[in-house]
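Peer 1:
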Amino acid sequence: MRYFLLLLFFGFVSFSFGQHQDKVDFVRADVYIEPVPLNKEIIGRVVYRFKVLQNVDSVFLDAKDMRFEKVEMNGKQVDFIATDKTISIRKKLKKDTSHELTIAYVAKPRQTVYFLGWGDKIEGNEQVWTQGQGKYTSHWLPSFDDMNEKVEFDLAIQANQTYEVIANGKLLSVSKGENGRPVWLFDMENPMSSYLLAFAIGHYSKQELSSSTGVPILNYFYPQDSARVEPTYRHTRRIFDFLEDEIGVSYPWQDYKQIPVRDFLYAGMENTGATIFSDGYVIDATAFVDKNYVNVNAHELAHQWFGNLVTEKDGSHHWLQEGFATYYAYLAEKKIFGDDHFYWKLFDTAKELREISEGGKGQALVDPKASSATFYEKGAWALVMLRELVGDKPFKKGVSDYLNTHRFKNVTIDDFLREMERASAVNLEGFRVKWLESSEFPWDEAKTYLMDKNEALSAFLGSGHELKDLEKELQAERPVQYKEALVDELAQEILDKDRFAPLFDHPQLKVRQKAIQLIDQISSIHKESAEKLLDDTSYITQELALFKLWSSFPESRKAYLDATKEVIGLPNKNVRLLWLFLAVATEGYEAENTRKYFAELTAYTSPEQGWEVRIGAFQYLREIGFTDEGLANLINATNHHSWQFKKYARGLIGQLLEDQEYKTRIEKLVGKLNQEETRYISTKLN
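So the sequence shown is numbered by UniProt numbering: it starts at 1 and just counts up by one.
Here is the structure:
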């Protein structure tokens, strides 16, 4: 275990400090928190137990923007100095002693803890959830902005009894606190890095499963989404059992939970034993073909070993987390969806990596500033080729030895390669240079591997393709991935010579979807075939078919709108938003309801909606015009916690400000909104 310490040097008017990683060992933390959502605050108390390995005269913790109510060492008040980033405790401590540090505080997190739905008009959508992302737990708990300090954290969380509380560890009890509100007590048995601490509060029901080895699996969902539980969490038990068997090391935590939340910053986050993920993956059976949770599910679960059980020492070793999670998620998908899915996915990522590499933007896996494509996809490829080099049995033995040797510790790439060399008796220096240290992607080696492993890929990569053979190839007994790749390769010729008939009438959905994706203007020859796609079992296909049919055949617009009037689509409401836009834009269509449809479209820009829904609504309103309500919601979005959404909103508001009419309207609105809502836009108007 790595250790965490600060030595303070005090002068007459100032002080400085330096970290001494090997002098203090924080062992355990008992954490109590009470979120106060309407104030966006956390009232907290933490009791740390630590051992002193060498004489020190102070200890420090990371603590962002906190007010400290009480600081005690071994039950007695102790001097401390607080900044906006840390709390430093002044106390001489002797070697080989153990101590208890108690801190009571109030935090007002600027990030990491997100309070959603409080004070709006929708009952039951209130949520509080966390996203530590590497080192940010210190925004709500005095802790460690360092992955190398591992502590056994037990959490007690107080909240209103109408909510469900979920956090790391096994739920031991729910009891009444001092003010009568319930306190959820969670127990962790093993240490972890503090960035993996997490909790979520909201209205949830849960599906209870058990792995083949008896590990409880708790899948949470909003009560109104009971019909979406099966497609959302499809294959969860199978993924869990596969990973335990494939990795060769038992799941290292007491139970496993998965919790969807609104407006999450990423697809998912592998908090120890408690993955929080975007509710954009909570889907119905039709949406499964377009956007399912399987890969994210497997990726975050794999992190419970790679990232949580063993944790990178620093960013130079990030491959040991993201590359491994990506690789094992692909293996899980291979088990579920078959070999073709696995190898064609690798083919797709290899093409992407080759393009990056040939464009001069390739990166090494040991580069701490490498992109996601490098850490995730090139990282997975490195493991594919390592396994090919050393063989299946030595690979699996090396992985299990690596995890068992370094469990609950921090690791380096050298630690992993050392175990692989021991298990395989293969010198991996050449592998290190080619796959980890080189910025180039070895396309030729990857291509050879794929052609050797997959017959369809060998056929595809080993010969040219001509348009005259399109229909024959589409009817051949090839995997659907082969046919999708074939259409992509011949796309321009298909467009130029209008060879869409074999695609529109193909029995496989993904091929039909390719047709409607490629074509812009549908000719009367393909009208009947395209119209069938309005009922296809894909919301993406339905969305594309509706728009392109509506654009191509004005005389049939009413029929197309009538046929799709009740379709909502994916969680981002892709079909419904398009339908509302087209209903408003179609002259004479339900004229008595035009105002109502426009109001519904505008309502989807509200902060009460998820940001993916709001983006769609903003995009359509950009085409047909904003009401003041829509503009106010756009201004609100410029301060959103999701960086993707905030970036989009700020870009759009910038475009609107170039139009004098919109600029005048926005200036008038700013005076009616509160300071927080107008924080960004005010700077653009000055």
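The beta-carbon is built from N, C-alpha and C at its ideal position, and this holds for glycine as well.
#1: Quick check: Ser376 and Glu322, are their CB atoms within less than 9 Å of each other?
#2: Given the structure, does Asp30 come close to the ligand MG, in the sense that its CB is under 8 Å from one of the ligand's heavy atoms?
#3: Let me know if Gly651 comes out buried or exposed under the rule of 16 or more other beta-carbons within 10 Å of its beta-carbon.
#4: Between Ile666 and the rest of its own chain, which residues show a CB-CB distance below 8 Å, the 5 nearest in sequence each way excluded?
#5: What does a CB cutoff of less than 7 Å around Lys663 pick up in its chain, not counting 5 residues either side in sequence?
#6: What are the residues that DSSP puts in a beta bridge with Glu72?
#7: Restricting to Cα atoms, I'd like to know which of Gly671, Glu333, Asn190, Ser88 is closest to Arg28.
#8: Report yes if the C-beta distance between Lys64 and Pro109 is below 9 Å; otherwise report no.
#9: Smallest Cα separation from Asn168: which of His640, Phe144, Ala274?
#10: Ends of the beta strand (DSSP E) at Phe598?
#11: Is DSSP giving Val229 helix, strand or coil here?
#12: By a C-beta neighbour count over all protein chains shown, 10 Å radius and 16 as the cutoff for buried, is Ala425 buried or exposed?
#13: Measure the alpha-carbon distance for Gln675 versus Thr627 and round it to whole angstroms.
#14: Excluding five sequence neighbours on each side, which residues of the same chain lie with their C-beta closer than 7 Å to the C-beta of Val399?
#15: Return the bridge partner residues of Asp25 from the DSSP annotation.
#16: So Gln258 packs on Asn295, CB below 8 Å; how close in whole Å?
#17: In the DSSP assignment, find the unbroken beta strand (DSSP E) run with Asn219 in it and report its ends.
#18: Within this structure, are the beta carbons of Trp129 and Phe199 separated by less than 9 Å?
#19: Would you grab the beta carbon distance between Ile283 and Arg228 for me? Rounded to a whole angstrom, and I think it's under 8 Å.
#20: Short of 8 Å in beta carbon distance, which residues of its chain neighbour Ser463, apart from the five on each side in sequence? Order them along the chain.
#21: Please list, in chain order, all residues of the same chain as Glu489 whose beta carbon is under 7 Å from its beta carbon, the five residues on each side excluded.
#22: Relative to the C-alpha of Asp96, which residue among Phe431, Trp443, Lys472, Leu53 is closest?
#23: Residue 699 by DSSP, collapsed to three states: which one?
#24: Can you tell me whether DSSP reads Val480 as helix, strand or coil?
#25: Just to confirm, are Leu509 and Thr541 a CB contact at a threshold of 9 Å?
#26: Is DSSP giving Phe115 helix, strand or coil here?
#27: Kindly give me the distance between the Cβ atoms of Met192 and Thr272, rounded to whole angstroms, as I take these residues to be in contact under 8 Å.
#28: Any chance the segment 337–357 sits against the segment 309–323, with 3 or more Cβ pairs inside 8 Å?
#29: Please classify Tyr560: does DSSP put it in a helix, a strand, or coil?
#30: Just verifying my parser: in three-state terms, what is the DSSP assignment at Arg650?
#31: Does the pairing of the segment 75–91 with the segment 151–170 give three or more beta-carbon distances under 8 Å?
#32: Measuring alpha carbon to alpha carbon, tell me which of Leu197, Ile201, Tyr195, Ser194 ends up nearest Val183.
#33: Since Arg422 and Asp392 are thought to touch, with beta carbons under 8 Å apart, how far apart are those beta carbons, to the nearest angstrom?
#34: Is the separation between the beta-carbon of Ser205 and that of Phe221 shorter than 9 Å?
#35: Given a cut-off of 9 Å, decide if Phe115 and Leu155 are closer than it, judged by their beta-carbon atoms.
#36: Can you tell me whether Met147 is helix, strand or coil according to DSSP?
Peer 2: Taking the structure as given:
#1: Inspection of the sequence shows that residue 376 is occupied by Tyr rather than by Ser. In contact: Tyr376 and Glu322 (Cβ atoms closer than 9 Å).
#2: Among the ligands in the structure shown, none appear at all, so the ligand MG cannot be discussed.
#3: exposed
#4: Leu631, Ile635, Ile653, Leu656, Leu657, Ile681, Leu685
#5: Leu657
#6: Gln77, Thr102
#7: Asn190
#8: yes
#9: Ala274
#10: Note, Phe598: premise wrong, no beta strand (DSSP E); alpha helix (DSSP H) at 594–603.
#11: helix
#12: exposed
#13: 21 Å
#14: Ile247, Gly248
#15: Lys51
#16: Contact doesn't hold; Cβ gap of about 14 Å is too wide.
#17: 216–221
#18: yes
#19: 6 Å
#20: none
#21: His465
#22: Leu53
#23: Only positions 1 to 686 of the chain appear in this structure, which leaves residue 699 out of reach.
#24: helix
#25: yes
#26: strand
#27: 5 Å
#28: no
#29: helix
#30: helix
#31: no
#32: Ile201
#33: Their Cβ separation, rounded to whole angstroms, is 16 Å, which puts Arg422 and Asp392 out of contact at 8 Å.
#34: yes
#35: no
#36: coil
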